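Enquirer: A single structure is presented below for examination.
Residue numbers (the numbering used here): 832 to 951.
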């Protein structure tokens, strides 16, 4: 199964997110480690989705059978990511079925986080 590690941070006042590093590899279970950084500020998570909303995102190399359920969303990722990242300048969140409820085990999922940075 696949894993994806992203190191991202806000680029400027326009809230543009830059991806600094991507490590795409294989592990014994699907894991996504999301690393957020807000130098001089703290992170506030606005929303997070874990699941699948379309068949194109993070689809490269995946069989169609793992991409067809586009109504697959966990109900808890915003709470889980916020609990880990809110009010910290840096955080790493590991997304997998043991951390976030997996609503559709046979569907290949991705984590999408919307956040902003605020003064501490």
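Built from N, CA and C at the ideal position, the CB exists for glycine as well.
Everything numeric in this text was worked out from a predicted model, so none of it was measured.
For a test of the three-state rule: what should DSSP assign to residue 941, helix, strand or coil?
Expert: As a first step, residue 941 is located in the chain shown; it is residue number 110 there, counting from the start. Strand at residue 941.
Enquirer: For a quick check, are the C-beta atoms of residue 903 and residue 870 less than 8 Å apart?
Expert: Translated into positions along the chain shown, residue 903 becomes position 72. Translated into positions along the chain shown, residue 870 becomes position 39. The answer is no: Cβ separation not under 8 Å.
Enquirer: Look at the alpha carbon of residue 939 and the alpha carbon of residue 881, and state the distance between them as a whole number of angstroms.
Expert: The residue labelled residue 939 in the question sits at position 108 within the chain shown. The residue labelled residue 881 in the question sits at position 50 within the chain shown. Residue 939 and residue 881 have their alpha carbons spaced roughly 10 Å apart.
Enquirer: Using only alpha-carbon positions, find the residue among 893, 924, 905, 906 that is nearest to residue 874.
Expert: Taking the chain shown and counting its residues from 1, one reaches residue 874 at position 43. Checked all of 893, 924, 905, 906; the closest Cα to residue 874 is 924.
Enquirer: Which residue from 900, 879, 878 puts its Cα closest to that of residue 779?
Expert: Residue 779 falls outside the range modelled here, since the chain spans only 832 to 951, and no answer is possible.
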